[in-house]
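Numbering (our numbering), first residue to last: 363 to 725. Ideal placement from N, C-alpha and C gives every residue a C-beta, glycine not left out.
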């Protein structure tokens, strides 16, 4: 009887709020502008436990160079992650057929993701804020440190058009690139705002193969609305924040929606809050089984598409003398460091460009 009661309690235990910790892993001196690590509108791509920072805008409003700044994240030291830093100047590879060498032009507001040992860069804006006129993908090899360029043809026969302020994700199972806001388990997600009092999660199942995607009416957008008023939990409208997937390791997936600038605000009003939205479970994971049981229990719901502000758990560094929170900011670079952690760097704040890096971990 006691074991049955214990199992019932475990099933009924809430899946929100998510408990996370924040650790500052690196920072640059405020008076050191030699590397322009205080930047915004850049990308952070995690490859083999290394955070690769590329592009963006400097504190002086200029485009950053095409150097890659890399933070290595070794094993946790004394309970806290410690990052080692290296800078790799752009090194071109010569095309054996044309004899030309290729290095991408400096850019900001571009999209980036990882594919094996490569960082893939697409699009972006130039110094005038215009889309860079190119239809290619740039690949940076994190081992040889060389650049290559490939033309990107989509699965529907269209060429990738110039764009900026977008996102790309790599699907390892299907070996395809997906351009959108967030991508988890073959499903695209994006967050929109209808007003100051409500928002919406739009999502589309991309299916597990090209054959299913090509069937009539296979790709359909669905919408889940959520309130953003003080009476009901939900994030306020914003721009320049991060929307990234994270999981608890048992098949439970969330989207982290963090920081950003107040939408439609001409002032420097930045958010410091971190929200998590619980995503639907799939397959035969422990989380999926738990949700199926929860949906059949009285007064208990699975919690899918529910919002909650995360609960911050202090780390040992914070308990002693370290900085506890990165503070309000937007337009920073961020990427998934593992299933249970994210890394982010820099961004804009009311003080200007930020030049520090942070690790967010699910506890």
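DSSP places residue 710 within a strand segment (E or B) once states are collapsed to three.
For residue 574, the uninterrupted alpha helix (DSSP H) segment begins and ends at 572-575.
Each residue's CA atom was taken as its position, placing residue 564 and residue 711 some 28 Å apart.
Of all C-beta pairs linking the stretch 612-625 to the stretch 572-586, fewer than three are shorter than 8 Å, placing the two stretches out of contact. Excluding its 5 nearest sequence neighbours in each direction, residue 476 has C-beta neighbours in its own chain below 6 Å: 407, 409, listed in chain order. Assigned with DSSP and collapsed to three states, residue 422 falls in coil, not helix or strand. Contact between residue 701 and residue 613 does not hold, since the beta-carbon distance rounds to 10 Å and is not under 8 Å. Per DSSP, residue 431 is one residue of the beta strand (DSSP E) stretching across 430-434.
Residue pairing by DSSP places residue 480 opposite 477, 503 in a beta bridge. About 23 Å separates the beta carbons of residue 543 and residue 501, which is beyond the 8 Å limit, so they are not a contact pair. In this structure residue 381 is exposed. Its beta-carbon is surrounded by fewer than 16 other beta-carbon atoms within 10 angstroms. Under the DSSP definition of a beta bridge, residue 402 partners with 419. Under a 10 Å Cβ-count criterion, residue 537 is classified as exposed, with fewer than 16 other Cβ atoms of the shown protein chains found around its own Cβ. Between residue 708 and residue 506, the gap from beta carbon to beta carbon reaches 9 Å or more. Burial is judged here by how many other beta carbons sit within 10 angstroms of a residue's own beta carbon; residue 419 has at least 16 and is buried.
Here residue 630 has 712 as same chain residues with Cβ atoms under 7 Å from its own Cβ, once five neighbours each way along the sequence are excluded. Under the DSSP assignment, residue 538 falls in the beta strand (DSSP E) whose first and last residues are 538-541.
For residue 587, the CB contacts under 7 Å within the same chain, skipping 5 residues up- and downstream, are 560, 562 in chain order. In terms of CA proximity to residue 598, 557 leads the group 557, 572, 499, 522.
Under the DSSP assignment, residue 531 falls in the beta strand (DSSP E) whose first and last residues are 530-533. Across the structure, residue 474 and residue 451 are spaced so that their CA atoms are roughly 18 Å apart. Residue 482 places its beta carbon 9 Å or farther from that of residue 545.
Nearest to residue 551 by alpha-carbon distance, out of 534, 716, 470, 582, is 582. Secondary structure of residue 603 (DSSP, three-state): coil.
Annotation: the continuous beta strand (DSSP E) that includes residue 550 extends over 549-557. Listed in chain order, the non-local C-beta contacts of residue 609 below 6 Å within the same chain comprise 615, 701, local neighbours out to five positions each way being set aside. Rounded to whole angstroms, residue 468 and residue 715 show a C-alpha spacing of 18 Å. In this structure, the alpha-carbon of residue 435 lies about 10 Å from that of residue 705.
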